[in-house]
Amino acid sequence: MTLAAVLLVGAVLVAVLAPPVLETMPFSGIRPNVVLAFWLASMASVLFFAGSAVVVLAWPDHAPAEGVIETIVRCFSAVSHTAAPWIGASLVAAGLMVGAGVVARAVFFARQQSVSRSHMQDFHRDVVAIVARTEQGHDDVMWLDHPLPMAYSVSGRPGFVVATEGLSSSLSGVERDAVLAHERAHLSGHHHLIVGVADLLARVLPMVPLFARSPRAIKTVIELAADEQAARVTSAAVVSSALSVVADAALPTPAFTLGLGNDMNLRLWRLRRAPHTRFSRLACCAAAAVTVTVPAVVALTVVSVTTMTACILLT
Numbered sequence: 045m046t047l048a049a050v051l052l053v054g055a056v057l058v059a060v061l062a063p064p065v066l067e068t069m070p071f072s073g074i075r076p077n078v079v080l081a082f083w084l085a086s087m088a089s090v091l092f093f094a095g096s097a098v099v100v101l102a103w104p105d106h107a108p109a110e111g112v113i114e115t116i117v118r119c120f121s122a123v124s125h126t127a128a129p130w131i132g133a134s135l136v137a138a139g140l141m142v143g144a145g146v147v148a149r150a151v152f153f154a155r156q157q158s159v160s161r162s163h164m165q166d167f168h169r170d171v172v173a174i175v176a177r178t179e180q181g182h183d184d185v186m187w188l189d190h191p192l193p194m195a196y197s198v199s200g201r202p203g204f205v206v207a208t209e210g211l212s213s214s215l216s217g218v219e220r221d222a223v224l225a226h227e228r229a230h231l232s233g234h235h236h237l238i239v240g241v242a243d244l245l246a247r248v249l250p251m252v253p254l255f256a257r258s259p260r261a262i263k264t265v266i267e268l269a270a271d272e273q274a275a276r277v278t279s280a281a282v283v284s285s286a287l288s289v290v291a292d293a294a295l296p297t298p299a300f301t302l303g304l305g306n307d308m309n310l311r312l313w314r315l316r317r318a319p320h321t322r323f324s325r326l327a328c329c330a331a332a333a334v335t336v337t338v339p340a341v342v343a344l345t346v347v348s349v350t351t352m353t354a355c356i357l358l359t
């Protein structure tokens with residue numbers, strides 16, 4: 045039970061304490077892909093810690109890794125053995141019921157999301173592709189005859205970009221290239237999938253602060269990442285200019301697509317100040333490692349102190 049307690053405390057710490065910290069990262073100059081790595085690692089660690097806690101509780105005997113933890117906080121055994129036997133069984137039953145409920149909700153909402161996304165992709169393939177035109181050498185962009193500037197990307201195999209004639213007429217050639225590079229960055233970075241997972245977890249577990257706040261925050265981060273990629277293709281000044289023009293005539297994009305986004309003030313500020321060098325893969329790996337190890341160490345410390353105190357009081 046010691047290992048289960050450590051894992052559960054770790055999950056709670058990340059779920060509650062991580063969102064305020066993660067939401068401030070884009071304002072500190074940290075690269076968008078590193079911030080995104082922190083978000084994804086935090087969400088994965090909560091699922092891993094919570095799921096592992098249920099597995100450890102339901103394990104017939106001591107779980108394989110529990111012996112290591114028991115040697116560190118051995119006093120927890122004395123505390124746990126003072127509890128009535130039915131408490132452990134109740135915890136196991138509750139954990140399994142909660143886990144089954146979460147899995148059922150995840151399957152239901154994932155199916156619902158998949159069907160809706162499929163309908164949207166079918167609409168673009170069967171309707172938009174007929175009325176839109178393409179340019180030679182740029183088959184991944186479909187141009188619609190609409191006076192207002194707009195562009196968005198549609199995921200799929202292959203994914204593609206939908207843009208309006210108003211976008212082409214409102215921007216210079218290099219600004220248009222920046223907008224298209226922004227949308228292509230969404231496709232190459234699998235941003236639609238990331239946003240879909242965040243939306244799914246927010247619907248399945250809306251009571252968990254990390255999951256409830258992740259969709260909006262992650263959408264902002266991926267827009268920053270796409271801006272950064274577009275700035276590498278053109279320049280930060282060109283991307284800023286294009287965003288300023290398009291923001292004045294922002295149109296809503298279809299569901300399950302990614303357009304030019306919101307949070308323009310933050311994005312323009314980042315483009316003015318941030319150097320546009322390639323992000324470090326090592327930094328992303330380090331972000332993921334820190335997100336997993338720090339909560340585990342803190343949780344182990346909390347459980348150790350709590351159980352030691354309880355042991356002293358009970359003896």
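In the working numbering, the protein residues as written are 45 to 359.
Beta carbons are placed, not taken as given, at the ideal position from N, Cα and C, and that holds for glycine.
For H182, there is no enclosing alpha helix (DSSP H); the residue is part of the beta strand (DSSP E) that begins and ends at 182–188. DSSP, read as helix, strand or coil, puts V198 in strand. In the displayed model, V277 falls within a helix according to three-state DSSP.
Annotation for F71: no beta strand (DSSP E) segment contains it, and DSSP assigns it neither H nor E. Linking D243 to P250 through their CA atoms gives a straight-line distance of about 10 Å. Assigned with DSSP and collapsed to three states, T297 falls in coil, not helix or strand. Comparing C-alpha distances from R201 to each of N309, A270, R169 shows the shortest one belongs to R169. With respect to L312, S279 sits apart: the two C-beta atoms are not nearer than 8 Å.
The DSSP-derived three-state label of R149 is helix. Every beta strand (DSSP E) stretch that sits fully inside the segment 203–242 and reaches 3 residues is listed by chain position as 204–208. In the structure shown, the three-state DSSP call for L249 is coil.
In this structure, the beta-carbon distance from L302 to V90 does not fall below 8 Å. Closest in alpha carbon position to L188, among Y196, T208, A275, V338, is T208. Taken atom to atom, the span from the alpha-carbon of A88 to that of L51 is near 13 Å.
Using a C-beta cut-off of 8 Å, the segment 53–70 makes no contact with the segment 231–239, since fewer than three inter-stretch Cβ pairs fall below that distance. Comparing alpha carbon positions, the residue from A62, G95, V98 closest to A85 is A62. Between the C-alpha atoms of L57 and V185 there is a straight-line separation of about 44 Å. Under the three-state reduction of DSSP output, R177 falls in the strand class. Here I174 is exposed, its C-beta having fewer than 16 other C-beta atoms within 10 Å.
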